[in-house]
Amino acid sequence: MTGSSCAAPNLCQSRNAQAQWDKFATKIQEKLRIIVAGGDGTAGWLLGVVSDLKLAHPPPIATVPLGTGNNLPFAFGWGKKNPGTDQHAVESFLRQVKGAKEMKIDSWHLLMRMKIPKGGPLDPIAPLELPHSLHAFGRVSDTNELNMEGFHTFRGGFWNYFSMGMDAEVSYAFHSERKLHPEKFKNQLVNQSTYAKLGCTQGWFSPSLSQNSARNIAQFAKVMIIKNHGDQWEELLLPHSIKSIVCLNLPSFSGGFNPWGTPRRRKHNAFTPPYVDDGHLEVVGFTSAWHGLVLLAPNGHGTRLAQAHRIKFLFHKGAIDQTYMRIDGEPWRQPLPSDDDTVMVEISHLGQVNILATNGCRSKSMHNPSTPTAQEEEGVDSDEETLEAEFRKFGAADTFKLPDEIDISHLS
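In our numbering, the protein residues as written are 3 to 414.
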């Protein structure tokens with residue numbers, strides 16, 4: 003008989019080892035951080051995968067800005083440019099990841115229903131027309147509870163924005179060109195220059211040259227919103243000049259601009275400060291690319307339309323045959339109803355995910371809001387009545403200039 007109190011030493015050792023490994027695994031789970039390198043579409047895909055795992059403590063995610071827009075990385079302080087691949091740059095980035103703070107951001111669910119036309123195609127959207135990130139947007143099965151008889155039903159998710167109209171059309175043209183000639187799109191600067199050039203050729207700057215697909219949104223869509231949880235649906239009346247509408251969760255769109263801006267508190271009492279975890283989307287409209295260029299001005303912004311907990315788009319029959327939509331940088335061409343067809347898009351709150359943010363984070367949490375600056379509280383806010391004045395400033399080099407990322411030599 004030995005002095006050991008364990009009747010089965012091997013079993014005890016095995017249990018002790020298992021307990022140690024469980025403790026070790028718990029520590030890893032507590033400290034685990036995921037790094038995703040790529041564009042907004044890649045980051046969104048990974049956020050979706052982690053969400054689907056439904057973990058009790060999902061690991062937070064840091065994003066390396068390697069895409070064209072890089073809105074997700076920029077919103078959380080990771081910049082807009084590739085940080086570099088040399089040893090010093092990599093070590094510096096890893097130190098940033100280690101010291102980054104966790105933030106929760108809202109996830110948004112997108113549901114689209116299209117009535118199946120009599121004698122029409124079995125699938126109204128060709129597979130290649132859908133965003134390449136299949137997780138982001140995919141057709142539901144016939145047994146899915148979201149499916150409705152007589153309709154094609156699609157569902158997806160996004161974390162940054164949903165947009166519709168001319169901005170999505172330009173994005174679609176860029177992605178189509180990149181699919182045809184991938185060898186021409188291996189450099190961030192070239193990509194951004196090509197994007198700007200397409201914005202000109204698509205009629206975004208010259209409405210008279212635009213195609214039928216880029217009509218004013220009020221001509222082909224009715225927008226309904228629920229402002230807060232528990233409210234009823236109400237119609238959002240759009241100005242007839244709006245050609246692009248953005249439903250925004252993060253303060254970073256189209257390469258880092260904040261189209262919502264910072265409303266003056268005393269003048270915009272109907273609006274609350276925009277937070278990334280408050281269960282609301284900011285709804286912004288643009289009339290043209292010239293309107294969009296107002297974002298280059300201090301306190302510039304688009305047309306603030308609403309803050310909403312849910313949003314629904316109902317499309318008028320026979321108005322136009324198609325429009326363009328985009329979720330988190332992934333565009334597609336959307337057929338619209340004719341005769342008895344029906345198309346409906348609805349956006350609702352889905353949950354939250356964990357993101358890593360640096361000290362330079364632009365996003366704000368309602369649980370830890372940054373102290374507003376004096377400029378945010380009392381500063382000049384370029385509202386609609388001052389847009390003409392802003393446009394007049396385009397000739398002033400000190401006021402407006404192209405971003406450093408754009409090489410004007412590539413725009414000719």
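Cβ coordinates follow ideal geometry from the N, Cα and C atoms, glycine included.
- Y163 and F26 have their C-alpha atoms spaced approximately 38 angstroms apart.
- Between the segment 243-263 and the segment 276-292 there are three or more C-beta pairs closer than 8 angstroms, enough to call the two in contact.
- For M346, same chain residues with a beta-carbon under 6 angstroms away, outside a window of 5 residues either side, are R115, L316 in chain order.
- Apart from the 5 residues on each side of it in sequence, L112 sits with its Cβ closer than 6 angstroms to the Cβ of G158, I349 in its chain, given in chain order.
- The count of Cβ pairs closer than 8 angstroms, one atom from the segment 305-321 and one from the segment 63-78, stays below three, leaving the stretches out of contact.
- Its chain contains S109 as the residues whose beta carbon lies nearer than 6 angstroms to that of G353, once the 5 sequence neighbours on both sides are disregarded; these appear in chain order.
- Inter-residue distance for L96 and I329 is about 29 angstroms (C-alpha atoms, whole angstroms).
- In the DSSP secondary-structure assignment, P333 is bridged to R328.
- In the same chain as E104, and ignoring 5 residues on each side of it, the C-beta atoms closer than 6 angstroms to its own belong to P62, N356, in chain order.
- Restricting attention to L307, K229, E284, S94, the CA atom closest to the CA of A220 is found in L307.
- For K103, the uninterrupted beta strand (DSSP E) segment begins and ends at 103-117.
- Under the three-state reduction of DSSP, F78 is assigned to coil, being neither helix nor strand.
- In terms of CA proximity to M166, R217 leads the group K117, F153, R217.
- Under DSSP, the beta-bridge partners assigned to Q309 are E284.
- Bounds of the beta strand (DSSP E) holding T65 are 63-67.
- Taken atom to atom, the span from the alpha-carbon of N260 to that of I322 is near 30 angstroms.
- In the displayed model, V355 falls within a strand according to three-state DSSP.
- When C-alpha distances from V66 are compared across A21, I37, H282, the shortest belongs to I37.
- Rounded to whole angstroms, the gap between the alpha carbons of L74 and N18 is 44 angstroms.
- If you draw a 10 Å sphere on the C-beta of E332, you find 16 or more other C-beta atoms in it, and that means buried.
- As far as DSSP is concerned, S365 takes part in no beta bridge.
- Secondary structure of H154 (DSSP, three-state): strand.
- Within the model, the alpha-carbon separation for H311 versus I228 is close to 6 angstroms.
- In the structure shown, Y277 falls within a coil segment according to DSSP collapsed to helix, strand and coil.
- If one requires a minimum length of 3 residues, the beta strand (DSSP E) runs lying completely within the segment 212-250 are 223-228, 236-238, 246-250, in chain order.
- Annotation for Y174: Y326, R328, P333, W334, R335 place their beta carbon closer than 8 angstroms to its own, counting only its chain and skipping 5 residues before and after.
- Taking the Cβ atoms as the reference, A64 lies roughly 6 angstroms from A102, within the contact range of under 8 angstroms.
- Counting C-beta pairs with one atom in each stretch, the segment 358-368 and the segment 231-240 have fewer than three that are closer than 8 angstroms, which means they do not touch.
- For S165, the enclosing beta strand (DSSP E) covers residues 163-167.
- For A272, there is no enclosing beta strand (DSSP E), as DSSP marks it with neither H nor E.
- Taking P60 as the centre and dropping the five residues before and after it, the same chain places the C-beta of V52, N356 closer than 6 angstroms to its C-beta, in chain order.
- Within its own chain, the residues whose Cβ lies closer than 8 angstroms to the Cβ of A91, once the five positions on either side in sequence are excluded, are P85, listed in chain order.
- As a beta-bridge residue in DSSP terms, I349 pairs with L112, I313.
- Going by beta carbons, S367 and D279 fall inside the 9 angstroms limit.
- If you ignore the 5 residues before and after R35, its C-beta comes within less than 7 angstroms of the C-beta of P61, P62, A64, V99, L358, all in its own chain and listed in chain order.
- DSSP places N260 outside both helix and strand once states are collapsed to three, so it counts as coil.
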